[in-house]
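Inspection log for the structure reproduced underneath, given as structure tokens.
Numbering (the numbering used here), first residue to last: 3 to 74.
If you want it as structure tokens, here you go:
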């Protein structure tokens, strides 16, 4: 592609396809980031739930603010 090739005109779609063929499209990149962020947030939410469960069980075993007869 020469410096002044844009002066000649032509098929813009073909020029873009040739020039950006090896690149990931912006919409594909955004979708990939959205999916990876979603997976990351699921793991964080699960870890937070587990942490809460552990604290809740410890409170129950210690005799916290409520009394239960659960043996777990």
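Quick reminder that beta carbons are idealized off the backbone N, C-alpha and C, glycines included.
Backbone CA spacing between residue 48 and residue 54 [nearest angstrom]: Along the chain shown, one-based indexing puts residue 48 at 46. Along the chain shown, one-based indexing puts residue 54 at 52. The straight-line gap from Cα to Cα measures roughly 10 Å.
With DSSP as the reference, label residue 52 as helix, strand or coil. Mapped onto the chain shown, residue 52 falls at position 50. In this structure, residue 52 counts as helix in the three-state DSSP scheme.
Beta-carbon proximity list for residue 36, same chain, < 6 Å, skipping 5 on both sides: Taking the chain shown and counting its residues from 1, the one referred to as residue 36 is at position 34. Once the five neighbours on either side are set aside, residue 36 has no close Cβ partner at all.
Let me know the secondary structure DSSP gives residue 43 once reduced to three states. Position 41 of the chain shown, counted from the start, is the residue given in the question as residue 43. The answer is helix: DSSP assigns residue 43 an H, G or I state.
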